[in-house]
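Q: Residue numbers (the working numbering), protein chains in the order written: chain A, 1 to 320; chain B, 1 to 450.
(1) Indicate the three-state DSSP secondary structure (helix, strand or coil) for residue 314/A in the structure shown.
(2) Tell whether a beta-carbon distance below 8 Å holds between residue 104/A and residue 131/A.
(3) Please state if the CB of residue 16/B and the CB of residue 369/B are separated by a distance shorter than 8 Å.
(4) Residue 405/B CB to nearest chain A CB: under 8 Å?
(5) Quick check: the Cα distance between residue 248/A and residue 174/A, rounded to an integer number of angstroms?
(6) Span of the alpha helix (DSSP H) holding residue 360/B?
(7) Starting from residue 376/B, follow its DSSP beta bridges and name the residues at the other end.
(8) With a threshold of 8 Å between beta carbons, is residue 202/B in contact with chain A?
(9) Please indicate yes or no: does the CB of residue 89/B lie closer than 7 Å to some heavy atom of the ligand SAH?
(10) Closer than 8 Å, CB to CB, is residue 261/A near chain B or not?
(11) Could you pull out every unbroken beta strand (DSSP E) segment of at least 3 residues lying fully inside the region 43-75 of chain A, listed in chain order?
(12) Taking C-beta pairs closer than 8 Å, name the residues in chain B that residue 209/A reaches, listed in chain order.
(13) Give me the Cβ distance between residue 73/B and residue 310/B, rounded to the nearest whole Å; I'm assuming they're in contact under 8 Å.
(14) Please list, in chain order, all residues of the same chain as residue 437/B whose beta carbon is under 7 Å from its beta carbon, the five residues on each side excluded.
(15) Please report whether the beta-carbon of residue 198/A lies at a distance below 8 Å from any beta-carbon of chain B.
(16) Does DSSP put residue 6/B in a helix, a strand or coil?
(17) Distance check for residue 216/B and residue 290/B, CA to CA, integer angstroms please.
(18) Please classify residue 314/B as buried or exposed, where buried requires at least 16 neighbouring CB atoms within 10 angstroms.
(19) Excluding the 5 residues preceding and the 5 following residue 167/B in the sequence, name in chain order all residues of the same chain whose CB lies nearer than 8 Å to its CB.
(20) Using a Cβ cut-off of 8 Å (strictly closer), state whether residue 243/A contacts chain B.
(21) For the region 136-191 of chain B, list the beta strand (DSSP E) runs that are entirely contained and at least 3 residues long, ordered along the chain.
(22) Have a look at 143/A, 219/A, 134/A, 231/A and flag the residue whose alpha-carbon is nearest the alpha-carbon of residue 269/A.
(23) Look at residue 89/B and residue 53/B and say whether their C-beta atoms are less than 8 Å apart.
(24) Do residue 84/A and residue 60/A have their C-beta atoms closer together than 8 Å?
(25) Using a cut-off of 8 Å between C-beta atoms, extract the partners of residue 99/A located in chain B.
(26) With the cut-off set at 8 Å, would you say residue 148/A and residue 309/A are in Cβ contact?
(27) Excluding the five sequence neighbours on either side, which residues of its own chain have a C-beta within less than 6 Å of the C-beta of residue 58/A, listed in chain order?
(28) Could you compute how far the alpha carbon of residue 337/B sits from the alpha carbon of residue 96/B?
(29) With 8 Å set as the bound, which would you pick, yes or no: does the beta-carbon of residue 197/B sit closer than that to a beta-carbon of chain A?
(30) Find the nearest neighbour of residue 227/A within the set 209/A, 313/A, 264/A, 208/A, judged by alpha-carbon distance.
(31) Compare the C-beta of residue 251/A with all C-beta atoms of chain B and state if any pair is closer than 8 Å.
(32) By Cβ distance, which residues of its chain are closer than 6 Å to residue 40/A, with the 5 residues on each side in sequence left out?
(33) For a quick check, are the C-beta atoms of residue 228/B and residue 253/B less than 8 Å apart?
(34) Could you tell me which uninterrupted alpha helix (DSSP H) segments, each at least 4 residues in length, are contained entirely in the region 15-82 of chain B, listed from first to last along the chain?
(35) Less than 8 Å between C-beta atoms, sequence neighbours within five positions excluded: which residues of the same chain meet that for residue 247/B?
(36) Look up residue 14/A in the DSSP assignment and say whether it is helix, strand or coil.
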């Protein structure tokens with residue numbers, strides 16, 4: 001697939017912003033995956049750049065720590081030939097008391113063409129989407145959504161299990177309550193026909209989640225036994241203000257994925273993790289590096305998926 | 001020379017005296033009178049109220065006027081304009097000012113401003129504890145002497161049960177009601193909205209109803225233990241309604257209020273992260289909302305109060321987690337209550353008005369809320385059916401943090417009178433203290449509307 005073939009975006013995509021997965025249709029998801037497949041084919045080349053967003057400026061406004069997501073967005077933007085500028089929490093005027101509205105309006109006034117936002121407050125991406133005219137991409141807002149992570153997870157599952165994910169069973173294990181990755185994956189996977197089980201301690205996986213159509217289990221053996229994939233989540237110390245479980249040690253002993261528990265998985269089942277992983281806490285070190293783990297493939301797929309998202313939203317944005 | 005007023009041809013509803021008839025209401029020298037002599041009639045001013053409801057001015061015993069200390073949000077003056085425009089002629093303001101009302105001097109300052117600048121009746125309340133810290137009792141006797149009508153740490157809830165017990169015992173000696181904002185702090189640390197399906201969906205920290213229920217139960221227990229009257233502010237949870245209902249069956253000295261927003265809105269309204277739906281206590285689930293309505297209809301919840309809590313646009317225009325709690329309510333209260341309780345047939349006008357007039361006055365023993373003979377002529381004249389849209393062009397409050405901005409409401413105040421003086425004529429505020437000065441909303445265009 002050549003870059004030229006991508007010059008007109010698929011008819012399905014009409015959004016200037018990607019704020020979350022919850023509102024997307026299965027057709028829109030399909031559109032992102034198809035586009036990402038085309039971009040992924042360009043990743044292995046020596047000349048990795050495509051000219052799709054040449055002349056555009058993308059600003060990454062990362063107000064919460066991030067390595068993977070920020071670098072993946074930066075690489076995705078430069079592969080699309082866009083100019084990319086990253087602003088992090090410590091270097092922004094927000095530490096001088098400027099509001100997010102003013103920061104965003106200034107970035108727009110500086111002629112940025114697109115804004116990628118990572119913020120610790122849920123709803124921040126939607127809030128920015130109402131303020132600025134340029135496309136806004138949500139790179140994680142509090143415990144709300146992290147749409148590109150769910151997209152790259154589903155993209156990875158498609159590579160492993162084929163494009164039709166119906167009847168697939170995925171278990172998400174860990175700190176669900178504070179996880180935006182879990183929420184985006186709950187919406188994304190269910191839209192693709194996947195049966196989702198949430199597992200972990202009751203304080204971090206409240207039964208109320210069943211309202212979203214997923215299964216909730218506190219029995220690890222049962223939750224792992226029929227899963228085709230298990231997605232592990234990190235314990236988010238930074239979001240917890242009170243004790244949701246006794247200690248990390250107890251968490252590991254009750255819910256950490258170790259060799260014994262991995263043996264309960266089906267033979268072809270894969271292990272996923274959005275990162276950053278805490279070796280020896282939610283996952284044994286050797287399992288993270290095992291052949292079942294697709295953790296680094298997920299990271300690579302994050303580039304293709306984010307190229308697709310940047311490309312689609314830029315093409316639907318006001319400048320076109 | 002006496003000042004005589006005839007309010008002609010309106011539907012006069014005075015729940016306190018059971019009056020509900022179409023006819024004329026007479027006012028002489030600021031008081032309601034039964035009849036006028038032919039001589040008095042001749043010199044009378046006439047207000048045509050045909051097609052309108054003539055009710056006692058509303059009594060709101062839970063408002064935040066932000067003065068002293070936060071006058072960029074509201075002042076006693078601007079808050080009184082908002083009250084007048086909402087048909088509210090008497091209100092009780094909360095003591096979480098800066099400095100807080102934990103000393104007689106601050107109360108004297110507030111009463112002085114009220115006397116000079118307010119166009120409606122305002123009574124202050126005093127803090128329950130010093131600096132609202134929940135640790136040491138405020139000088140409740142001195143506050144009483146300075147003129148407070150109740151004691152409360154509203155906005156914060158005394159967590160220490162021993163302090164609360166002594167506070168209600170001590171205040172009871174002075175005949176002062178303790179009004180409590182029922183919230184367990186540990187259960188609500190960092191919370192931004194009701195804990196439920198919507199908080200899970202939106203990824204916002206949830207605030208369980210249990211945090212309210214526990215303190216409501218605590219207060220019922222302490223009221224029964226001490227015999228003191230405790231008033232429970234802005235009840236939002238179904239379980240709390242049930243606790244109060246049982247307490248009242250045991251004749252506990254408990255009263256409770258509901259706000260228009262908890263009667264009308266739910267946590268699902270937070271879907272767009274609009275900070276004008278962020279308040280404390282939070283909007284709860286539909287089942288809670290229905291229980292609040294039921295509780296109000298069966299008398300478990302005694303009254304409606306607004307918890308008018310102004311915040312500027314720029315304070316609210318931030319990320320949801322960072323926005324302050326609270327919404328304004330004085331100007332939309334009547335319309336929202338009509339919409340939620342009356343237009344849909346859940347209660348008649350007299351019932352609704354009783355919860356907005358004499359019943360709140362009775363809780364704090366304010367001599368207000370009735371059109372009975374001899375009463376102060378504090379009057380709200382409204383059209384229960386006129387539709388209007390709250391906006392910067394219609395609101396008199398200094399802040400516009402309302403969830404009803406841009407929405408069409410049904411029911412509009414046409415005139416408001418305080419002691420027989422017209423302070424709101426349907427379009428502008430007229431201050432009896434500054435004759436000739438007509439006040440319009442700051443957002444209204446220079447040319448008169450229409």
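Quick reminder that beta carbons are idealized off the backbone N, C-alpha and C, glycines included.
Computed from a predicted model, the values in this text were never measured in an experiment.
A: The answer reads as follows:
(1) Residue 314/A falls in the helix class under three-state DSSP.
(2) Yes.
(3) Yes, the pair counts as a contact, with Cβ atoms nearer than the cut-off.
(4) Not an interface residue.
(5) Distance between the alpha carbons of residue 248/A and residue 174/A is about 12 Å.
(6) Note, residue 360/B: alpha helix (DSSP H), 358-363.
(7) Residue pairing by DSSP places residue 376/B opposite 31/B in a beta bridge.
(8) For residue 202/B, at least one C-beta of chain A is nearer than 8 Å to its own C-beta.
(9) You won't find the ligand SAH in this model; it holds no ligand whatsoever.
(10) Put simply, the CB of residue 261/A is far from chain B, with every gap to its CB atoms at 8 Å or more.
(11) Here the runs fully enclosed are 57-62.
(12) Those within 8 Å of residue 209/A in chain B are 200.
(13) For residue 73/B against residue 310/B, the beta-carbon gap comes to about 4 Å, under 8 Å, which counts as contact.
(14) The answer, listed in chain order, is 431.
(15) Chain B has no Cβ within less than 8 Å of the Cβ of residue 198/A.
(16) Strand at residue 6/B.
(17) Roughly 19 Å between the two C-alpha positions.
(18) Residue 314/B counts as exposed, since fewer than 16 other beta carbons sit within 10 angstroms of its beta carbon.
(19) These residues qualify, in order along the chain: 128, 129, 137, 140, 151, 158, 178.
(20) No, because no Cβ of chain B sits closer than 8 Å to the Cβ of residue 243/A.
(21) Counting only runs of 3 or more, we get 150-152, 177-180.
(22) Between residue 269/A and the set 143/A, 219/A, 134/A, 231/A, the nearest pair of CA atoms involves 231/A.
(23) With contacts defined by Cβ atoms closer than 8 Å, residue 89/B and residue 53/B do not form a contacting pair.
(24) Yes, the pair counts as a contact, with Cβ atoms nearer than the cut-off.
(25) Per Cβ cutoff of 8 Å: 314, 317, 318.
(26) Cβ distance < 8 Å, so residue 148/A and residue 309/A count as in contact.
(27) Excluding sequence neighbours, residue 58/A sits near 77, 82, 84, 114.
(28) Going by the C-alpha atoms only, they are around 26 Å apart.
(29) Output row for residue 197/B: interface = yes.
(30) When each option's Cα is compared against that of residue 227/A, the closest is 264/A.
(31) Output row for residue 251/A: interface = no.
(32) Excluding sequence neighbours, residue 40/A sits near 304.
(33) Yes, they are a contact pair.
(34) Within the region 15-82 of chain B, the runs of alpha helix (DSSP H) that reach at least 4 residues and sit entirely inside it are, in chain order, 38-42.
(35) Counting only residues of its own chain and dropping the five nearest sequence neighbours on each side, residue 247/B has a CB closer than 8 Å to the CB of 220, 223, 224, 254.
(36) Note: residue 14/A maps to coil in three-state DSSP.
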